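In our numbering, the protein residues as written are 3 to 321.
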């Protein structure tokens, strides 16, 4: 199979039929062998009924319905597990991503030998203050932190070589950073393509301003995990040892200083009244705690087991 198109969605019943018809037209005109996987992330409207209806009329359409809303990352994870195409395309269900871009994205993966091609919505139809400006700041921070020179990390329209999506773990809210996850897994042949951005036709956005706050927090998390995720002792242990040594040396200096003054009959104060003693003691305690945090991190890393992160309520008959 040439293409798997993975589409996470939440309450998009108005756009699904139009989106399907648009994708199907592109698939027919390019003679692609394909599958379309819709992941219903706990919709409360008639999205799932629409998906079931589409699957009954077209065997290429497959659907997964979550028990409740788990988030876009979990939806992508479920879709990636079941994708069978040589090239996997992800796109949003709100008609803001243009299916006409798919043939060129497919060509870039197959002929350009890229691991991942990320869409770049250079011209956007979103609100400047609530979406465009925060998005630019977010992408600038992501470029600086990750080292990837992409203009639009959060664009839903992306193309992947199959090996990429089968070897990365999209969890939490890390869907924004799939290119970074791919790079950290050794898939470094990553580029971007300018794509058309459509104005939202139906409904309202499912993401509020908090997504940018969460995005920056996730960026810090992914930076830490990429650097120290498999060796937490290297960070916490090193910091702990340095702080403990600093506190130990400071406490030793306080003790030696007191003895020297006593020997030379110079005015002196009790160690318990010296503020530097408490500073040194606090630093030693914090250092010990950091060292233990690193040690516990190593133990957890070696004993962790994967757990189900979402519950699938239904699937279409052909999946």
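Positions of the beta carbon are idealized from the N, C-alpha and C atoms, including for glycine. Here the structure is a predicted model, which means the values were calculated and not measured.
Ranking 125, 19, 280 and 43 by CA distance to the CA of residue 71 puts 43 first. With respect to residue 99, residue 159 sits close: the two C-beta atoms are nearer than 9 angstroms. Judged by DSSP secondary structure, residue 79 falls within the alpha helix (DSSP H) whose first and last residues are 74-84.
Taking 4 residues as the shortest admissible run, the segment 131-207 contains the following complete alpha helix (DSSP H) segments, listed from N- to C-terminal end: 135-148, 164-167 and 180-186.
Just measuring C-alpha positions, the residue of 233, 81 and 293 sitting nearest residue 242 is 293. Look at residue 103 here: in three-state DSSP terms it is helix. Classified as exposed, residue 271 has fewer than 16 neighbouring CB atoms from the shown chains inside 10 Å of its CB. Counting other Cβ atoms within 10 Å of its Cβ, residue 238 reaches 16 or more and is therefore classed as buried.
Within the model, the alpha-carbon separation for residue 173 versus residue 113 is close to 30 angstroms. In this structure the segment 71-85 does not lie against the segment 51-61, because fewer than three pairs of beta carbons, one per stretch, are closer than 8 angstroms. Counting along the chain, residue 315 sits inside no alpha helix (DSSP H); it lies in the beta strand (DSSP E) bounded by residues 314-317. For residue 35 against residue 3, the beta-carbon gap comes to about 5 angstroms, under 8 angstroms, which counts as contact. Partner residues in the beta bridge of residue 119, as assigned by DSSP, are 161 and 193. According to DSSP, residue pairing for residue 65 in a beta bridge involves 40.
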